[in-house]
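Q: My questions all concern the structure below.
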Amino acid sequence: MGPLLFLAYVYVNDIWRNIKSNKRPFADDCIIYRKIMISSDIDKLQTDLDRLSEWAEQNKMKINSCKSKAVSFTEARVKEWIRYYFGDQLIQEESSFKYLGIIIRSDLNWADHINYTLRRAWKALHFVTCILKKGNNNMNRLAYKALERSIREYDAMCWDPYRGQVSALTL
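Position 113 of the sequence shown, counting from 1, maps to 124 under our numbering, and the rest follow consecutively.
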């Protein structure tokens, strides 16, 4: 089993060899990004997407381009839509995306993520209160901490640019 895991790691580890853009891999997920200042930066990002597509084809890997999203972060009032392709598939432009359980919007507003987290927490709290009506306090406390509280506290840290530090987001 050890050599198989090692081979799988080597197999996927060379995916980034020719990609010049910034990348953030995590398990079976990744983000490729680049700061776009001039039009040649758009071409460089598209070149990296083309290289990734070629790598997948050479290694007989199937990457679901329908799950890929393109999101632009800008302060401009009028956004220029940029088309990116993965192989021959257009990557859909979106205003937000979910990455590692966090909803990130193009305007960096956290309202969608907070509302999503609160909905999940309320569902868990409702489950705990309905199912454990006859339970004792210790059982209820344990269920609350395991289900509802863990949802609220996961990814509750965010960068506070005004204080220059990471702050806890209280819900």
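Where a beta carbon is used, it is the ideal one built from N, C-alpha and C, also for glycine.
Model, not experiment: these values are computed from the prediction.
Tell me whether the beta-carbon of ALA154 lies closer than 8 angstroms to the beta-carbon of VAL139.
A: In the sequence shown, the residue the question calls residue 154 occupies position 143. In the sequence shown, the residue the question calls residue 139 occupies position 128. Contact flag set, yes.
Q: Do the segment 55 to 67 and the segment 28 to 42 make contact, defined as three or more Cβ pairs closer than 8 angstroms?
A: Enough Cβ pairs lie closer than 8 angstroms, so yes.
Q: Can you tell which of LEU56, PHE97, SER79, ASN151 has its C-alpha closest to the C-alpha of LYS109?
A: Position 98 of the sequence shown, counting from 1, holds the residue named residue 109. Considering only alpha carbons, the answer is SER79.
Q: At what residue ranges does the segment 89 to 167 contain a whole run of the alpha helix (DSSP H), taking only runs of 4 or more?
A: Those alpha helix (DSSP H) runs which fall completely within the segment 89 to 167 and span 4+ residues are 122 to 142, 148 to 155, 161 to 164.
Q: Report the CB separation of ILE93 from ILE53 in whole angstroms; it is logged as a contact under 8 angstroms.
A: Taking the first residue of the sequence shown as 1, we reach residue 93 at position 82. Taking the first residue of the sequence shown as 1, we reach residue 53 at position 42. With a Cβ gap of about 6 angstroms, ILE93 and ILE53 count as contacting.
Q: State the Cα-Cα distance for the pair TRP133 and HIS124, rounded to the nearest angstrom.
A: Walking along the sequence shown from the start, residue 133 turns up at place 122. Walking along the sequence shown from the start, residue 124 turns up at place 113. Whole-angstrom Cα-Cα distance: 14 angstroms.
Q: Buried or exposed: which applies to THR85, given that a residue is buried once 16 or more other Cβ atoms fall within 10 Å of its Cβ?
A: For the purposes of this step, residue 85 is taken as residue 74 along the sequence shown, with counting starting at 1. Flag for THR85 reads exposed.
Q: Apart from the five residues on each side of it in sequence, which residues of its chain come closer than 7 angstroms, Cβ to Cβ, to ASN162?
A: To locate residue 162, count along the sequence shown from 1; it is residue 151. Note that residue 162 is Ile in the sequence shown here, rather than Asn. Around ILE162: THR128, ARG131, ALA132, ALA135.
Q: Quick test of your reading: SER117 and SER83, contact by CB under 8 angstroms. State the CB separation rounded to the nearest angstrom.
A: Numbered from its first residue, the sequence shown carries residue 117 at position 106. Numbered from its first residue, the sequence shown carries residue 83 at position 72. Right, their Cβ atoms sit about 6 angstroms apart.
Q: Taking only three categories from DSSP, how would you classify LYS55?
A: Taking the first residue of the sequence shown as 1, we reach residue 55 at position 44. Three-state result, LYS55: helix.
Q: Could you pull out every residue in the same chain whose Cβ sits closer than 7 angstroms to the Cβ of CYS41, ignoring the five residues on either side in sequence?
A: Your numbering for residue 41 matches position 30 in the sequence shown. These residues qualify, in order along the chain: LYS34, ARG35.
Q: Are there 16 or more other CB atoms within 10 angstroms of the CB of ASP39, so buried, or fewer, so exposed?
A: If you number the sequence shown from 1, residue 39 lands on position 28. Exposed is the call here.
Q: Can you list, in chain order, the residues of its chain with a C-beta nearer than 6 angstroms to that of HIS137? Leave out the 5 residues immediately preceding and following it.
A: Counted from its first residue, the sequence shown places residue 137 at position 126. Excluding sequence neighbours, HIS137 sits near nothing in its chain.
Q: From the DSSP output, read off the bridge partner residues of LYS34.
A: One-based indexing of the sequence shown puts residue 34 at position 23. Looking at the DSSP assignment, LYS34 forms a beta bridge with ILE43.
Q: Could you check which residue in ILE47, LEU143, ALA157 has the C-alpha nearest to that of LYS90?
A: Position 79 of the sequence shown, counted from the start, is the residue given in the question as residue 90. Among ILE47, LEU143, ALA157, the Cα nearest to that of LYS90 belongs to ILE47.
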